[in-house]
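For the sequence shown, my numbering assigns the number 14 to the initial residue and increments by one for each residue that follows. Glycine is no exception: its CB is placed at the ideal position from the N, C-alpha and C atoms.
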Amino acid sequence: MKIATVGKGGSGKTTIAGTLARFFSNNGHKVLAIDGDPNPNLALTLGMTRSDADEINYIPPSIMEMVTDDDGSLKLVMSVTKKEFLSTYAASAPENIDLIVMGKPADGSAGSGCMCSSHRAIRGVITEMSDYGEFTVTDMEAGLEHLKRGTAANVDTMLVVIEPYYRSLEAGERTASLAKELDIPNIFMVANKVKTDADKAAIDQFCQKHDLPIIGYVPLEEKFMEAERQEKAPIDFDPKSAGAQAIYDISLKLAELHTSNRPPRPIPDHFSLFAKGYAEGKRAVKYNQEKNDK
């Protein structure tokens, strides 16, 4: 399952992404985490130290290159093998999570233009690494530009993180609308920083009006704020907090969705031969028993 978390700046999307990745891994799933935000902070939310996060090799936009296919069409391909890519750019985060970071604008690059090549690289990496593990969790750039550029076009599940005030809800609706244009199969709202029943009611009313499914409600969690002040992952600071437990519940729902959408594995040939031999053996035993009875 390829998941992207999106939302306004400050909505809590990075906290949601990092904590989901940790819970997936904790439950035995192989996880690849991708920090696609030019202001990268996913490493800390996963539980890496600041010094380890500073040592991560950022992925250059040139990692993906455009080539001409046999039919004359253009396609993005990785400029190195997957093995080389992982050995060079994957950092080890807690609980065996592999983290790759798309990088940030270079010093002195202000006013130099758009982040088009970075968006293209993220899209390509998500596609190329689609067969890596069971879950890919990408923390996208805040705002809508990545959707307009189709950066998240190759994910199958988008989590739109919203807060209980109108500007956030309106932005969430626009985000979901763009995601639908990209034909992303699963689009869910994550209601974050919910403090009161009135907050929940406002979110419910807005989402029902705009046909936006809500996958979970995460309360306004003081322990998340304290974890950030101490540069700790929320799950390490207090895995039993109400906020962490709410994200855990979301992880279970997504894991169940992943299992239900996964095609059945074909039966290997040696199992088919075994089954055939077993059936023939049972028929032979039955024949001999009937013969002896006579």
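What three-state label does DSSP hand residue i in the structure shown?
i       : result
Pro-107 : helix
Thr-27  : helix
Val-93  : coil
Val-44  : strand
Thr-101 : helix
Thr-151 : strand
Val-138 : helix
Glu-68  : coil
Lys-21  : coil
Thr-81  : strand
Thr-170 : strand
What whole-angstrom Cβ distance do residue i and residue j have, given they're in contact under 8 Å?
i       : j       : result
Ala-214 : Arg-35  : The pair is not a contact, with the Cβ atoms about 31 Å apart (cut-off 8 Å).
Gly-49  : Ile-175 : Not really, about 19 Å apart at Cβ, beyond 8 Å.
Phe-148 : Met-61  : With 8 Å as the limit, Phe-148 and Met-61 do not qualify as a contact, their Cβ atoms being about 18 Å apart.
Pro-51  : Glu-154 : 6 Å
Leu-57  : Glu-244 : 6 Å
Which residues in the same chain as residue i place their Cβ atom closer than 6 Å to its Cβ, once the five residues preceding and following it in sequence are excluded?
i       : result
Gly-104 : The identity of residue 104 in the sequence shown is Ala, whereas the question assumes Gly. Within the same chain, Ala-104 has close Cβ partners Ile-69 and Leu-112.
Thr-32  : Pro-247, Ile-248 and Ile-260
Val-141 : Note on residue identity: the sequence assigns Glu, not Val, to residue 141. Around Glu-141: Met-91.
Ala-189 : Val-173, Ile-200 and Leu-225
Asp-67  : none
Thr-151 : Ala-17, Ile-47 and Gly-49
Ala-184 : Lys-21
Taking 6 Å as the cut-off, is the C-beta of residue i nearer than that to any heavy atom in the ligand GTP?
i       : result
Glu-244 : This structure does not include the ligand GTP; it has no bound ligands of any sort.
Grab me the residues of residue i's own chain with a C-beta within less than 8 Å of its C-beta, minus the 5 sequence neighbours each way, in chain order.
i       : result
Leu-59  : Gly-31, Ala-34, Arg-35, Ala-46, Ala-106, Pro-107, Ile-110, Leu-112 and Ala-246
Leu-270 : Met-14, Thr-170 and Asn-199
His-223 : Glu-186 and Ala-189
Ser-143 : Lys-15, Thr-149 and Asn-167
Lys-95  : Glu-141, Met-142 and Tyr-145
Asp-65  : Ala-56 and Ala-104
Which residues in the same chain as residue i place their Cβ atom closer than 7 Å to its Cβ, once the five residues preceding and following it in sequence are excluded?
i       : result
Ser-181 : Lys-21, Ser-24 and Ile-175
Glu-239 : Phe-250
Asn-39  : Glu-108
Asp-82  : Lys-88
Phe-219 : Leu-182
Phe-237 : Thr-28, Pro-247 and Gly-256
Tyr-230 : Ala-204, Val-207, Lys-213 and Ala-259
Ala-211 : none
Are the CB atoms of residue i and residue j nearer to each other than 7 Å?
i       : j       : result
Leu-315 : Thr-27  : Limits of the chain in this structure are 14 at one end and 307 at the other, which puts residue 315 out of reach.
Lys-266 : Gly-146 : no
Ser-254 : Glu-234 : yes
Ala-17  : Val-168 : yes
Ile-228 : Ile-197 : no
Pro-53  : Val-93  : no
Met-77  : Gly-137 : yes
Pro-177 : Ile-216 : yes
Length-filtered (4 minimum) alpha helix (DSSP H) runs lying within the segment 175-263: 179-194, 210-222, 235-242 and 247-250
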